[in-house]
Each structure stands twice: as C-alpha cells, then as structure tokens.
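First the structure, in the form of structure tokens, and then the observations on it.
Below, the structure written as structure tokens:
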C-alpha cells in the first residue's frame, strides 16, 4: 500500500509476470550481476552475516546509541544474547542447525561501524544519479507496485533455514533459524534485511547501475509511464499533467528521486534477494500505470500530476472494469529517506513501505508522522480540505537496523537545555542569536539566555559552530539522560508479574498449560541483571501467590481467599529478583498445570486477582501479564454474561442491534470498578497486558479498560486451541517482554505557536489533559495526537512538533526521548493534497472509528467514515481539479486509495454490523495503539497465491505478488494465503491438486483438513517455500499469526470470503459499487 | 459424710467438693449473717482411686432428672426409689430387678457419693472410632528470630507427642493470618487472610472452600449429618476440613518441614512502631476453621502469642510504640481506648467457641503485655489454659507446654465438651459459678435471683476441663423459717458432669453430697472451712473488682472480716484484749491479711495481663493451690533440723538458713547470707562438708517436686539474701521488721522489708479492736 500509485499487481497485462518484469529490469541494469551475486552468496560465505542479523538486529538500534563507546544498551535488548537463549529453548534439532549462523556476538561490530557508511553513501551517490534516471522513472509512486511486495524479505532466511521445520510446538525453530527468529526478529522486521553492513563497494557501484526508480509517493511525474510500456495510458482521465505543479517545482520530486536511487543502492544490495526486484520496479510500474489509465480513460498526461491519479468515469458504470480501479500495491524496494533536504522537510515515504531513515534534522517518520506534510496556515484551509491534522507518534518505534542509532546526550546535573517558558527541549530548529548568547525557542518564540557552559559562537551561516557535533542540534531525535529533577523516585526496576487463570475451564482447555509453558520459555529472555524482578500468581475463585524466595526447595503457595476485598499476602517475596528465583520459577511453572489439573472451581476472580497482583506490585510498578480464559465471575469486577442474555429469540436485525447496545453498555456501564482500578494501576505505574485464551464470551469490552488505561494491550486467542495456539501465545509473550520498552513514562507533544494539541488517544491514562501517562510503553505503541489551530500560522515559517517521552529503561536509566518534526506551512490547498500522507490519514480515520464505536451507533460511525472520504474527495474535486467531464471521479494521487481503504474499513471486524461483541471489542483495542504500518494490512489484508509457488522463480523475493481481494481472482484449483497481521487464512480451492496438498500440508484431500492447523515443514520445496513465506510475513508483522485452513462450504470458507473486500457481500458494496456511490455523493454535493 | 478416712490428706475426698460451710443455716437471714457466702468448690472430674466407673447408663428421676444416688430412699421390694430432690417415686427398670439390700448397685453405695458412668460400653469402646481430639496451633510470627525458634521447637516437640489419631491444624499469623493447608502435597500452601478486617465464621468457611455452594457441601448440613466421629470421614480427597486438619501421624513430617521454613513475619515494621500483629483475626479464622469440623469433636485452639495485638479487631494498643499498653490505672481512668472494644470482640469469640464446643488455650511469652486481660473472658468461658511467660525459651513456657501433651501420670487429663448440671434440694438456689465455664441459661426453680459469675442457669458448658479444674458454686437459701418440721435436716446437692475424656469416651460423673440444715451458730462454727472461705472470698473479691465499678476490695474484705469476727469471735464488748476466736476461724484473719496484700487485691503492682492471668488460675485451681496463691508456704532448711514450715515473716530469714517459698506462680529458694558465702566458696564440693551439700540440695529437690506437679509450671527463682532476686521472697513476707522498726527488733543476720505496709500484728490488733466495738 505504500505506493499510492494506481498500479496494482493485478493490473499487469494478462501475460504479465512479475518475474519476467524483473528479468527485464535486470537486463536493463548494468549492475544486475552484482545484485545477483549477493543473493547467491547469501547461501555461502557472505551470508553468515545476514543470518546473524536476526539476532543482532535488535541490538543495533538500541545499543551503541552514544557516539562514544556503546553504552550498555539503552534498550533492553542486548544484542546477541537475547535471541540466543531463545534458541536454546527450541527443540534440539533446531539447535543443531543453528551453528550456521554467525555467533551473535559478532554482530554488534558491524553495526557500530555502520552508521557512517550508510549515511554518507546514499547522499553522495544518490544525488548525482538522480538527475538522469536511465529509465524515466516511471511513475513516482508506483515503485513497489507490482511484484515487489516481497522486497523486504530476507533472503538469508531461506537459505539458512532450509532444514528447519516449523515444529508444531514451537514454531520458533524455523524462523529463528532463518534468521527471522520470530518474536525477536519481528522487532526488527526491517532489520534483518539490512543486517550486516553491506560492503561499501557494492554500494558505490550500485547507484549508477540502478536506474531507478522507485520513488516516493510524491514522486515525480509519470510522464514516462506511457512510454515505458506500450500500453495505452488512456484510462485515466485525470487532470492534465500540466495542472500540477511542475516536477521541479514540487519540492518533493527532485529530492525523492535522488533518495531512491541512493537508497536502492545501499539497501538492496547484495543482501537481499529482494534486491533485484527493487531494481525491477521501474519497469513494472510503467506497465501497471498504464493499465489503470486505460480503464478509466485517464490521459496519460494526467498521471503526471502527482496529485491526481485517476478519475472514474461515472457515467458508464457498466464500463468500469474492476481491474482498472486503484488498488493497493505493495512496495518492495527499500527507500532511503533523509528527513530534511536542502533545509526543508522531506515528505516521508509511505508508512508501509520499507525504508531507511537518515535523520538530518527532522525526526524519523517512524517516531512521528503527520497526516499532512505541510501545515495549513489557517483552520479554514484545513477544514476546507476535509482532512484532519493529526500526528501519529510512536516514540519507541523500532528503527531499521541500518539506521543510525539515536544519540544519547548527557547534560549532567543540569539536565537538557530547555525553553524556560514552554519547557520545550533544545532541538535543531532552535535559533541562536546574539553570537549564540541567546536562543529563540522554535515552539513558543520566547528568547532565552544560553546557559553559560552551553555557549558556542555562531558560524557565518548563522548556525552554531558546533551544531553538527551536537546531536541535539542536528538530529530530529535524541535521547537525554534525565537528571535528578526528572525523578520523583529512583528509576523503577523492571518488574514482570505473571497472573494465570487456573479455573476449571482454563485447565481443561489447556490454556493454563500453554501459559505456563510460554512463560517458562520466556523468562530466559527477560532482561538480565539485578533490576529484573518477577512474580507469579494463579487464580480461580481465589488468588494464589507464590513465595519464590525460600531457602528450601519448595515454593510456598499463598492463597488470598477474600476476593471481594483483596490484599497482598506478603509484603516482599512475592516479587523477587529474577536471578534469585529462576529455578523456583521454572519448577513452579512445571508444577502449576498438574497441580490444578483436576481443579473443579469454575469461577474466576479476575478482577480481584489483578487487583491483588497490583497491590503486590504497588511499591515498584511494572508489567502485569494476565492469562485469562473465562468470563470473570467472582469477586470484585466480576461480570455477567451479557451476550448470552441478548441472544434469545431475536431476529438477526434485532440481534445485531442488541449486540451493539451490549457493546455500548460494555464500555459504558460495565464496570466502574474496573475503570477505577485501572486508573489506580496507572497511577502506580502498573501496566496490564491481557492474554485471553478463551473458548467463550469473556466481555472484552469491559475487561479491556484495564490494559487500555495502563498502556497495555489485549491479546485474543479465540477460540483457544491447545494444539495450535500455544506457539502463538509463546511468541506474543516473548515479544511482549523482550521488545524495546520503557516504564513509568510521561509523554507530551508541544507544537509551535498557532497549533495546539487537542487530544491524545491510544492506550494510556489520561489524568491531565496535557500529558500522557504511560505506566509502560513499547515499540509497538502508537499514540494519535489530534491537533487544532488556535491561531493563524505565519506564511513562510515552519511549524514544529516536539514529542518528549520521559521514561525508564528496563535497565533502570531515566531517559528523555525527544523527537522534533518541523514542517513547512502552506496557504495552498493543492499543497495540502499533494502532501497528504495516505497511510497516516487512514490510520487516523480507523482509530477514530474505533474510538467512536463504543459511544455511538454503529451506523453513524460507518456513515462518518464514508463521509470523511467523500468530503476530502469533494474538496479536491471542487477546488483543485480541473475536470474534463462531470462524470469522472477524480482522486488526488496521494489519496487515491482512500475509497478502497474506506470500503475495507466498513467491512472490517470493527465496523461490520454483524459479528461477536468480543471480536469487535478486540478489534477496537487492537486498533487503538496500532502503528500506522500495521493499520493498513489489518483493514486491507494481503492475499497471495500459493499453488503456483513452484512455477514462479522467486529467488529474489520470498513473498509472491499480492493479488486483489476479489473472488474473481480466486481459482478453484488455487491455494491462497490471506493475512492481516493477526490472522492468516489459507484457502484451498475445491480442485486443488492433491499432490500440492500433500506436499504443503501433508494431507491427501480436502476432507482431511484439520480444524486446528499447524504449519509444518515437509521435505519438499513447496513446503519449504510456504514456510519461508509464512515466516517472512510473521517477521514483517511482528506477529505470529493464527493460521487456519479454509475451504469452500465450511464456516472457515465463509470467513475467508468475508475478507475479500472488493466483493459485494451482505455487509456491503463491491469496490466498483462503492466508487460509484462515492462519486454520486460527490456529484450531489457539487450540484 | 465425706469419706472421712481420706479427709486428712485430701479434704475434697471422693466427692471433689468442699464447701465454705459444712452445715447450712436454715434461712436467708441466717445465711447473710454468716458473712461468708455459702459456696461449694467443686472439681468436677477430679480423679480418685476409689471412683467407680459404671459401664451402664444412669437412672434418672422422671421429673427432675436427678440421677439415682446413695441418698435415695429405695424400696427394694417394690423396686421403687424416691428422688431426694423432688421426692418423686421412680420405678426401677426391669434389669434392676435383682437388686436387694444385700445386692445394691454401686451408685447406691453410701461410700461412693461420686460415681462415674461410662456411657459407651467399655467393651464396645473402640479408641479408633472415638472422636479424635483436634489441636489447632496458632503461632504468632511477629517476634525475634530466637523466640520464634523456641516456639517452633516447642511446637515440634508437642506434635511429636500427640496421639496418632489427634487431628492437627496449623495457623500462623503476623500482619496477616496464614492458614496452612497440610493436606496439599504438591507444595506448601497457605490461605492468607488480612489482619485488619474482622471475618465471620461463614466467610472463613467460604473462603477456605469449606462451604462452597459449588461443592454441594452445605456447611451446616454437613455438620449435622456428619455423624462420623472423625472429621475425616466421608470427605473427598481435596475438599473439606481434612485439607487443614490431619491426623498427627500423617502430617508430622509436613508440619516439621513447614515449621523449619517458617520465618518471622515479613511485613515491615515502621520505625517507632510495634509489629502489626492480628491476634484477633487469627483467632477468628481459627475458630471459623474449627467450625467446619464435625460437631462433637473436642478441639483446642492453642495460641502461641509473643506480643500485643495491634492490627484489626481485638487490638489492645495502637501501633505507635510511644503509646504504652494499658495499665490498671488507665483502665480505672477509662483511658484505655482499645480495651472495651477488644473485650467485646473476645467475648463474641468466646461465645462462638462455646457454641462449637471448642477451647482456647493461650501461651503468651513476652516482656510486655499481650492482651490476656482482654482475652481472659474467652479463655475462661471455654475452659482454656493460659500460661504467661517471659520467653518461649523459659521453662515456665517450655515445660508447661509439654505438659498438656503428656499422657499417663503426668497427664493433665484434658477433657472436652463438659456439661455441668446441678440439682439441689428445695429452698436451695444457685446464684452462679465463678470458674472456667459458661452458663447455658437453663432456667429452673433452682435459679437464684441474684447472679454471681455464670448464673441464671442450672447447667453450664465447659468446653475444656481437666482433672484439676475447679468451679466455685454460690448458693442462696430461699426459704424463710417455714421449713417443714418433719424436716429432713438433710439437704442434698447433686453435680452431674458429662464430658468426653481425653481418650474420647463419653462419661458422666455424678456426685451427690448431703449436708445438714442447722439452726445454731455452734454447728455453723464447727462446719466452717477456713481455707475454702478464704479462697471463696478471694474469688469473689476478684470477681467484684472486675465487675463492679469503683469496688474497693480492701475495705470490703476488712468489713467482712470484722463482721465475721464480731459474729463468731468471743469477746467482751469494747475489750480488744478479751477477743478470742474459735480454732475453726483462727487462720482466717491471716488469710485475709495476706489476701489484702496479694496480687489479687493489690493489682497496681501488676499489669492487667498479669492480674488476669492470676485470677484465671485462682478461679480454676483447687482450694489447696489457691490457698498457696493467697498465702504462700514457707519452709526453712537449716543444719541439724528437718525442713520445717516457717512463719511467713521477715523474721524467718536467717544467715544460716535456706528458705523455700512457694507462692504458686513462683518457687523461691532463698539462701541466707552465710549459706550463700559458703556455697560461693565451694564448700559443698568438699567431702568434709557433705552435710552442707545435702542442705543445699534439699530445697532444690523439694522445689522440683512442687514444680513437677503444677500446671502452669511455676517460675523457679534461686536467690541469695540481699540479692536483687530476693524481692520475690521479701514481697511475700509479713513486714514485721521494716525500716521503721528496724532499730528495735533488728537481730543479727535478719532482714528488713522496706515497706510502709502494716505488719500482721498491727493488722490483728486493729481487727480485734474493731471487732469488739461493733455490735
């Protein structure tokens, strides 16, 4: 989806084959051989590093932030070590395979060395090339479009992982081996690729060789398009290209091209097989481009306009060829992005694309990105556009491994320099005046004295002479060591408390055993050191704590039987230093499932248990990981089965209505107790994560208030299967505790004068309006910050946003991470549309819908989503587009996917009018903190064909080209994989060849499809490819995915088809119908 | 009538009953003139060599349900017996048909005013099926490690001594209460209850999973239907009370290791604060837990407490160390904010225990008070034992604690579930009982209007009792002069005590005593029992001090003594010199003198806890022991003479004597100055001074004899003249020589007592003067 470009995979000419395109490209490319070599090499000598990467990957971003000797690692993740342990836990066989990988230790060095090279390279190299792209860059946005989806893939895996199988119990093996060890790998999804530093040599050669092409969305005019492929451009009737600002004029285009090239080179290089594809993109693009145009009748020229991609000819609905409408295309290549170029903000690449950021003043878009990359001067301008102005902030986002680590700056006792009025932190946009003696805050405009020991003279360019040596003056993101004044107490230890449901249902379904085994495996990955504390408790109708700190052999079980008014059974010793109790803990985790095997207590006192655990943690704060299997039915915060009540004797419509009402009441009525508790938890820095391993309704709407308020999240395994879910549970848990994270955090976003924060939303506790209290924050948590104008901005000025996150690392250091983003202001509506960030905007729309669901009728939320889409398109149509025909639907280039996404949103679990309350609640909770790159696939899943894996030559990309989510693309002899970052459905057509079934799944016919599917690796290439693909997806999504086999005529098949968004279903229009609907609405507004 | 041949050595005889007046005045007026109330001290299950155990059920009178006894008139021909209490004629059942004047059943033997029925046939008696006694240990962990170690080792030893079938439970507590589930094999498992919140029995049962509706084990129903004598019976493997109470044989290992791992309370103690100790809740929980055991099973809660309760209900003092624990002065001034609430709490607790038939024993070891004063009511109502010591390592605790688990000769004969019923002749009313029992509120014609102690009833519950348990019954005479001329001059009182003996048998002890109605003062005088009278007065005074606001015990005792002397003394009016007292009364004034000076009346020298402790023992001990408490015995050891009783006077102190003082709570061996010197020189080790060694040894041996038989074990103090410990002796001696009189009376080697108290002589002088002037 990264590329707004119209082309989508499906657009290729009938005979189109991604591979062939790639080949073409290669031919064109001088460098081709080089690229190939790396790939090949992957298997052999060079490879090792890549393999290793997975392990090392985490390390790079965190460790070695400081310029100087690497500090112990700002983040929890120690470079190699963490992964290693995990490995050991794996089945023996895996281990054996392991050796191939380089020792983890070896990794760090490459990284540390890395920073300089990559940074330097791209810029120097890229630039020159840019001017004359060999292949006229096809379409700007299109780069990735077709085949490339897989681009990011890690070739290395494939080779390395060969032998591995995804054993049922621990999927991990396969992945780890491949280099993308699951959980760990995910962290760095992008990482692995980059992994080892690339030999500089390659890089240098690269640029020249690579022509092309992928450009950022904003990219250059597509003029070339038509020419590139023979296909007629016509479909698009869009505005003539001249309407658009000339390429040159648009700030973006030029730099972009440069960037691309540069990035390609460094990036794609040898490491990734993907590389070749990256190169290829250009050619395919043209092809793809053309197709759309054709259909819609857009003149080729129109395409050139960055803004407009297409117009729908409304008049003839019948004429609309579904194959021609805008669709999501996956970008495969890696982009190198400099956050500022020529002292101007550089619009970021699409959130879903694969990119490497070079921080040249603005913070990386991973940390903060804005819905529009230019800030409207006035509120009127903004409201005219129909778009919203919001930031998506992900302060601890995982960087790409190739990116320069964040610098850590220590100002000593005095703490970082700050504006004395607005308390904004020193940043590159602060203007020093008066020989450096004073500085003007770029946020509030106040002039402050420069602290004496921070003084430095200005150079001739008006910058401080030391600006380039001081990270806080030249980087968009820095981390300050917090001084005493930022601490109300000593930084808290890293406390992990596990709370496990052992009621009858949980033990009988195997949920307890799964949780225990997951924890047991995971504890090895907890941050080492004396500051890591653990505790464990189980509960049914009473709460059982365990004293782990005992001289003798046995742990002591302490039962808190009063679940109406709970307390902690020990002041200390319930939470113990991990190093002191690991043996006890393991023994206990072994014992718990058998000990409660025959538990006959069906009641579950979740609320009380959570409260009791909280009381135990109250003095320190920390993470509370709760494993729950049934509706809490005892003690404080118990809930009644509202869903069941609503079920009797109702027609479908009524039922839906009732369900919705219940959902509403779920959040509103249901339990003040839980909400109050949650706020108290947050106050004491306790973060709750809820793992729901249920086979029934558990009223997530009510329960989720706790994780939501405390900065945690809900994991949902429904219906829980003791066979297939433990692996996912383990991986989720592992990622949860090992990913980069911080504790007792407070976050605030400051904006330049004229703009202020209207509201924050996400998973945190709102106590005072200006701050966000986060008992815990991790790399996966995103906070949406909606902004509002309180004044007119100054023409020609820049508007800055600064996000400051004060937090404690897992190693007990207090840090302030400050990310500053400075964007140009504009008075032109067309600029707004051109600089709109589709992914960010859509993520905001989705999050807003999620926020509204509990408090507004569903129909209203759905209409609202459509209206947002219509208003934006209407505004564009009315004010920006010159229309040749009234019957055309005109879409701004940057937002051309908006209708499709909106349609997908309407059909998503959250907004679908039918469905279980819990599913919807889970969806709401999932979306709320979801990072932008994962919102898109959640709503608009990726589907790929598996049955022809053998026929395709995929050595350059692990994941085949996605196909549109339309049943037209489903063949009865096909096998398709569809994933949205959470679930992964594999659909088996009715006429699948038995030998493929046998090879991939080990079954002989469709009748043998198991209910609970576990991916296994068999000794054949097909199976291996499938495993590679799944592992790669897992790595990309930082999620293990629930795998399910589907076939027609089964409920599973229904589920699968419900994801085919472009189809007409009971729940909504087809894509074409929806476009027509939108178009009509716009027309009626125009009239 | 009472076995005269034994009277010498054992005044109680087989009856186990001693009365202030052997013969009773006819009328209420007469009785009140007697000054000393008509009261009986009974030891309901006192063992006696001649006691007959009858393996059949007793015959009871149809109307008053008195039991057949030697004082019934029996018509052997008609096979009819006439109840001496209500004069109802009762037919003997057919299996008595063979009786005749020469073949009378044991219960009719005049020599056996006490007999005991064994309700189960001894042949059928199967010890295994008998209800197992339950011992629920409640251990305070808020103490220093050393103390806890002592307590733990005492517990371990105790558990080792328990009979195999005894059921054992364990609760430890500090800031919170931990109920240990002994039947859980996987790991040590405890239920934790918060210390700050009171908890009802139902809550305890529910929270321990003993009354979970889901388990379909309705708590009360189960108790009723659970006829099985053992709580274990019928319970599933993982449910029910047997998770917490296990036979000693099965859980001794578990308990042992559990105790090994037990550490002092881990909750932090803020500086300047007391440890948070929730004794009240711990007892509530323990009580609730026992509530789930089969009814009828005898059970003891054995509390080992090391300090004051500061948390939750039952608290006796605030957490702040700067607030001292209440003193008698605070109580007097109503300046003890926790006292009333705590007493109320323990009263309720006691009621619940009584309703369950369970006993609360308290073993307190602390330098400060622990709240015995507040708990006293619960201890007394349940018939519990109490021991107050300074340390769990002290022999007072260690040996006492061991005693309760001993069997055989040394056994305390702990019995459970006792019920005492009293039948008495017309005109006799029962005012109540002072002692370890609870009124069952069984109304009847024999209930007096005025109440002393546990009254308003003719039946009492004694959850726990032992062979030395002693109760004081206060009687009232209701009739005026109208007694029928035919007048049986005999009056009868029958004590029926049913109980479950320590080996689990159900017994009924029937003691019937006959006394005479007398009119003349002469007969009264002859029947006066000075010792009993002194003890009764002491118990009554203590009782009144507790019950009556502003009660001045000294004056009350003085007044009564003067009245008694005025009535029964012989003198010329207003001539003190002429005053003489019948030998039957001669010791009484001295008893009163010592009582006035004792810890029972002079409470201000003691803490409320000590006072409560002394009074509990005063009320439950036999007359002879109680007399020692009031007036210690003093034995003198010297060369060339046998050990001989010495006057309880400072004059008895001599440099070459060893004195052995037995004041019941402590036993003091006091070496005269010279003895001490010789001993320090090691003379006793030299062969030529063998006699000296024997002299030193003799009081030690005698002291051990005293200590061995006594429960609680007294504190042994060995001291030398002029040593600091000598105060234990001096405090008890008659201050005939003080610093005021020293000049005149001082003899070499003697001693003086630094006090302003009057000496016995002064006291008697005043008494004579006052007695003769009155009427």
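Chains as they are written, first to last, in my numbering: chain A, 63 to 1149; chain B, 75 to 849. We put the CB at the ideal spot given by N, CA and C, even for glycine. None of these values were measured; they are calculated from a predicted model.
Do you know whose CA, among the options, lies nearest residue i's CA?
{"i": "residue 423 of chain B", "options": "B:639, B:725, B:512 and B:116", "result": "B:512"}
{"i": "residue 417 of chain B", "options": "B:455, B:432, B:403 and B:397", "result": "B:455"}
{"i": "residue 652 of chain A", "options": "A:617, A:744 and A:470", "result": "A:617"}
{"i": "residue 569 of chain B", "options": "B:268, B:616 and B:499", "result": "B:499"}
Please report whether the beta-carbon of residue i lies at a distance below 8 angstroms from any beta-carbon of chain A.
{"i": "residue 318 of chain B", "result": "no"}
{"i": "residue 503 of chain B", "result": "no"}
{"i": "residue 93 of chain B", "result": "no"}
{"i": "residue 833 of chain B", "result": "no"}
{"i": "residue 57 of chain B", "result": "Only positions 75 to 849 of chain B appear in this structure, which leaves residue 57 of chain B out of reach."}
{"i": "residue 801 of chain B", "result": "no"}
Does the beta carbon of residue i sit closer than 8 angstroms to a beta carbon anywhere in chain B?
{"i": "residue 1133 of chain A", "result": "no"}
{"i": "residue 1060 of chain A", "result": "no"}
{"i": "residue 1010 of chain A", "result": "no"}
{"i": "residue 634 of chain A", "result": "yes"}
{"i": "residue 616 of chain A", "result": "yes"}
{"i": "residue 637 of chain A", "result": "no"}
Count the other C-beta atoms from every protein chain shown that fall within 10 angstroms of the C-beta of residue i, then say buried if there are 16 or more, exposed otherwise.
{"i": "residue 836 of chain B", "result": "exposed"}
{"i": "residue 909 of chain A", "result": "buried"}
{"i": "residue 943 of chain A", "result": "buried"}
At a threshold of 7 angstroms, does residue i count as lining the ligand PLP (C-beta to nearest heavy atom)?
{"i": "residue 506 of chain A", "result": "Only the bare structure without any ligand can be found here, which leaves the ligand PLP out of the picture."}
Determine, using beta-carbon pairs with one atom in the segment 662–669 of chain B and one in the segment 602–617 of chain B, whether at least three such pairs fall under 8 angstroms. yes
May I have a chain-ordered list of the beta strand (DSSP E) segments no shorter than 3 residues that lie completely inside the segment 481–539 of chain B? 489–498, 502–508 and 533–539
Using a Cβ distance threshold of 8 angstroms, determine whether the segment 539–554 of chain A contacts the segment 871–878 of chain A, with at least three qualifying pairs required. yes
Is the segment 458–475 of chain A close to the segment 571–580 of chain A, with three or more CB pairs under 8 angstroms? no
Given 8 angstroms as the limit, is there contact between the segment 449–466 of chain B and the segment 680–694 of chain B, that is, 3 or more CB pairs closer than that? yes
Taking contact to mean 3 or more Cβ pairs, one atom from each stretch, closer than 8 angstroms, check whether the segment 962–975 of chain A and the segment 990–1003 of chain A are in contact. yes
Would you say the segment 478–485 of chain B touches the segment 520–536 of chain B, given that touching needs at least three Cβ pairs under 8 angstroms? no
Would the segment 731–749 of chain A and the segment 637–650 of chain A be scored as touching if the rule is three or more Cβ pairs under 8 angstroms? no
Contact between the segment 576–585 of chain A and the segment 785–799 of chain A (3+ Cβ pairs under 8 angstroms): yes
Ordered list of beta strand (DSSP E) runs contained in the segment 528–597 of chain A, each at least 3 residues: 539–543 and 556–563
Could you name each continuous beta strand (DSSP E) segment of 3 residues or more that falls completely within the segment 628–678 of chain A, going from the start of the chain to the end? 637–639
At least 3 beta-carbon pairs within less than 8 angstroms: the segment 242–251 of chain B vs the segment 327–343 of chain B: yes
Can you list, in chain order, the stretches of the alpha helix (DSSP H) that have 4 or more residues and sit fully within the segment 820–905 of chain A? 891–896
Counting Cβ pairs closer than 8 angstroms, one from the segment 141–150 of chain B and one from the segment 713–732 of chain B, do we hit at least three? no
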